[in-house]
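Novice: Below are the structure tokens for one structure; questions will follow.
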Amino acid sequence: MTHHVYKLVEVVGTSPTGTDDAIRNAVETAAKTIRHIDWFEVLETRGHVVNGQVAHFQVTLKIGFRLED
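Just add 13 to wherever you are in the sequence shown, counting from 1, and you've got our numbering.
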């Protein structure tokens, strides 16, 4: 079995349509500049309310990626 070392970064994804979209937005955007992303962990979910309705979702993630040898 090979050994890996991972680094964590914390990002916040947003979406007006839901938490799944906010997560996907965060991971897909991070993947444009970070190589070897292997996993994510949801730390926090928040939202913005306007006139008594949910207007926007915010999801804070830890993203784990392998460091290169």
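Even for Gly, the Cβ is constructed at its ideal location relative to N, Cα and C.
(1) By the DSSP assignment, the beta strand (DSSP E) with Val62 in it spans what residues?
(2) Here's the rule I'm using: 16 or more other beta-carbon atoms within 10 Å means buried, otherwise exposed. How should Gly26 be labelled?
(3) Helix, strand or coil: which one does DSSP assign to Thr46?
(4) Residues in the same chain with beta-carbon distance under 8 Å from Leu74, minus the five sequence neighbours each way, listed in chain order, please.
(5) Going by Cα to Cα distance, which pick from Glu81, Phe70, His17 and Val62 is closest to Asp34?
Specialist: So, from the listed chains and residues:
(1) From DSSP, the beta strand (DSSP E) with Val62 extends over Ile50 to Val63.
(2) Gly26 comes out buried.
(3) Correct three-state label for Thr46: coil.
(4) Result list for Leu74: Glu23, Val24, Val25, Gly26, Ile36, Ala39, Val40, Phe53, Glu54, Val55 and Leu56, in chain order.
(5) Asp34 has its Cα closest to that of Phe70, out of Glu81, Phe70, His17 and Val62.
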